[in-house]
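Asker: Protein chains in written order, with this note's numbering: chain A, 638 to 741; chain B, 638 to 741; chain C, 638 to 741.
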Amino acid sequence: MFSNATKLTVIAERLLQERIIEMLYAGGAKGHTVFDGSGKGEHSNRRGDRAAVIHDFTIVQLDVVFGNSDEARKVAEDIADTLFVDYAGIVYLTPVEIIRAKRF
Amino acid sequence: MFSNATKLTVIAERLLQERIIEMLYAGGAKGHTVFDGSGKGEHSNRRGDRAAVIHDFTIVQLDVVFGNSDEARKVAEDIADTLFVDYAGIVYLTPVEIIRAKRF
Amino acid sequence: MFSNATKLTVIAERLLQERIIEMLYAGGAKGHTVFDGSGKGEHSNRRGDRAAVIHDFTIVQLDVVFGNSDEARKVAEDIADTLFVDYAGIVYLTPVEIIRAKRF
């Protein structure tokens, strides 16, 4: 009754929330959750490797469980390549097991 | 010092929170956390396969780490079978490692 | 493009937040997130094994993804040994996969 699946987690500044949600559904998500939090992280700067700064920011964490792990990987790469070159944020994948696989 | 364990995560409409907490402790939980968030997901409808609708809703996420993975699986199935036939919500399991296993 | 990593999760009473954050960065964290929630758990008591009580409390959940899993384990043990002998709280590790490993 349990199936393997992959949870995609995106942690980002709140101003990116709507763009991320669009990318999640374009990539096959059938649902998502959003939690508000705070945090600290590196803000990359494409002008040079040494320019990364660490700063505090208000964040959102978005989670989507994908029944299809390839979809999760594709969306994770798209978000990292598109948004997190210029903005602070991270994306990671977690292995999970789900019930009622048709919902994911 | 680390032991394998299973985290049970339940994401549901807030109105189900107390019923879920009762089921978690009846199934062996020794603690839990609750986080408030928002989200979007499928609301199944038992009257027909085609009637699922996606809607926005205010959610709670409940997490419990079970030292006994069989207990986690049993509670996950009970919650899915009892509550998520008629209500929106998902349940999934994540493999974790714990310290101080007697607390779980 | 994906690398294995380890997420450290700490769930604790809010009054411990700053001490935990200090320990996370002393142990190699390059970023963290904090979420406010509520929960219930065992409060151990070092005076005797039978004295554990379960009580409700307002909690924070702190997450850090460590590219170096040994660092995650070391910090998890330090926090459990230093803080969670006298205070309620748990710490656990989750296997994850990350992109842009240099940020972690």
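Idealized CB from N, CA, C, for every residue including glycine.
Starting from residue 657(B), follow the beta strand (DSSP E) in both directions and report where the run begins and ends.
Answerer: It is not in any beta strand (DSSP E) - residue 657(B) instead sits in the alpha helix (DSSP H) that spans 654 to 663.
Asker: Out of 645(C), 711(C), 727(C), 643(C), which one is the CA nearest neighbour of residue 670(B)?
Answerer: Of the listed residues, the one whose Cα sits closest to residue 670(B) is 727(C).
Asker: Return the residues of the stretch 696 to 717 of chain A that lie within a Cβ-Cβ distance of less than 8 angstroms from chain C, sorted by chain order.
Answerer: Residues 696, 698, 710, 713, 714, 717.
Asker: Around the C-beta of residue 730(C), are 16 or more other C-beta atoms found within 10 angstroms, so that it is buried, or is it exposed?
Answerer: Buried.
Asker: Could you list which residues in chain A have their beta carbon closer than 8 angstroms to that of residue 675(B), in chain order?
Answerer: Ordered by position in chain A, the residues that pass the 8 angstroms Cβ test against residue 675(B) are 670, 671.
Asker: Give the straight-line distance between the Cα atoms of residue 661(B) and residue 697(B), rounded to the nearest whole angstrom.
Answerer: Computed Cα separation, rounded: 14 angstroms.
Asker: Measure from the alpha carbon of residue 642(B) to the alpha carbon of each residue in 640(C), 741(C), 732(C), 711(C), then state which is nearest.
Answerer: Closest by alpha carbon: 732(C).
Asker: Grouping DSSP H, G and I as helix and E and B as strand, with all else coil, what is residue 736(A)?
Answerer: DSSP places residue 736(A) in coil when its eight states are reduced to three.
Asker: On the premise that residue 672(A) lies in contact with residue 678(B), defined as a C-beta separation below 8 angstroms, what is that separation, rounded to the nearest angstrom?
Answerer: So it is not a contact: roughly 15 angstroms between Cβ atoms.
Asker: Does the beta carbon of residue 729(A) come closer than 9 angstroms to any beta carbon on chain C?
Answerer: Output row for residue 729(A): interface = yes.
Asker: With the cut-off set at 9 angstroms, would you say residue 651(A) and residue 719(A) are in Cβ contact?
Answerer: No; because the gap between Cβ atoms is not below 9 angstroms, this pair is not in contact.
Asker: Would you decide whether residue 659(B) is buried or exposed? Buried here means 16 or more other CB atoms lie within 10 Å of its CB.
Answerer: So residue 659(B) ends up on the exposed side.
Asker: Compare the C-beta of residue 648(A) with all C-beta atoms of chain B and state if any pair is closer than 9 angstroms.
Answerer: It does not: the Cβ of residue 648(A) has no partner Cβ on chain B nearer than 9 angstroms.
Asker: To the nearest whole angstrom, what separates the beta carbons of residue 664(C) and residue 734(C), a pair I think is in contact under 8 angstroms?
Answerer: With a Cβ gap of about 21 angstroms, residue 664(C) and residue 734(C) do not count as contacting.
Asker: Using a Cβ-Cβ cut-off of 9 angstroms, state whether residue 741(C) counts as contacting chain B.
Answerer: Residue 741(C) does not count as touching chain B.
Asker: Can you tell me the Cα-Cα spacing of residue 716(C) and residue 657(C), whole angstroms?
Answerer: Each residue's alpha carbon lies about 7 angstroms from the other.
Asker: Starting from residue 647(A) and walking both ways along the beta strand (DSSP E), at which residues does that stretch end?
Answerer: Residue 647(A) -> beta strand (DSSP E) spans 640 to 650.
Asker: Please report the residue range of the alpha helix (DSSP H) in which residue 707(B) lies.
Answerer: Looking at the DSSP string, the run of the alpha helix (DSSP H) that includes residue 707(B) is 706 to 719.
Asker: Comparing the C-beta of residue 721(C) with each C-beta of chain B, is any distance below 9 angstroms?
Answerer: Cβ-Cβ to chain B under 9 angstroms: yes for residue 721(C).
Asker: Is residue 734(A) close to chain B? Criterion is C-beta to C-beta, closer than 9 angstroms.
Answerer: It does; some Cβ of chain B falls within 9 angstroms.
Asker: For chain B, find out if any of its Cβ atoms is closer than 9 angstroms to the Cβ of residue 683(A); answer yes or no.
Answerer: Below a pLDDT of 50, predicted positions are generally treated as unreliable, and residue 683(A), at 47, falls in that range; the measurement from the model is reported next regardless. No, its Cβ sits nowhere closer than 9 angstroms to a Cβ of chain B.
Asker: Is there a C-beta anywhere in chain A that falls below 9 angstroms from the one on residue 663(C)?
Answerer: Output row for residue 663(C): interface = no.
Asker: Give the straight-line distance between the Cα atoms of residue 603(A) and residue 713(B), rounded to the nearest whole angstrom.
Answerer: Outside the displayed range of chain A (638 to 741) lies residue 603(A), so it cannot be described from this structure.
Asker: For residue 655(C) and residue 638(A), I'd like the C-alpha separation in whole angstroms.
Answerer: About 42 angstroms.
Asker: Using a Cβ-Cβ cut-off of 6 angstroms (strictly less than) and excluding sequence neighbours within five positions of residue 701(B), which residues of its own chain qualify?
Answerer: These residues qualify, in order along the chain: 645, 661, 666, 669.
Asker: Does any C-beta atom of chain C lie closer than 9 angstroms to the C-beta of residue 737(B)?
Answerer: Taking Cβ atoms only, chain C reaches closer than 9 angstroms to residue 737(B), which makes this a yes.
Asker: What separation, rounded to the nearest whole angstrom, lies between the Cα atoms of residue 711(A) and residue 703(A)?
Answerer: So the alpha carbons of these two residues sit roughly 11 angstroms apart.
Asker: Output yes if chain A places a C-beta closer than 9 angstroms to the C-beta of residue 638(C); else output no.
Answerer: With 9 angstroms as the cut-off, residue 638(C) counts as an interface residue toward chain A.
Asker: Please name the residue or residues paired with residue 702(A) in a DSSP beta bridge.
Answerer: Residue 702(A) is bridged to 644(A).
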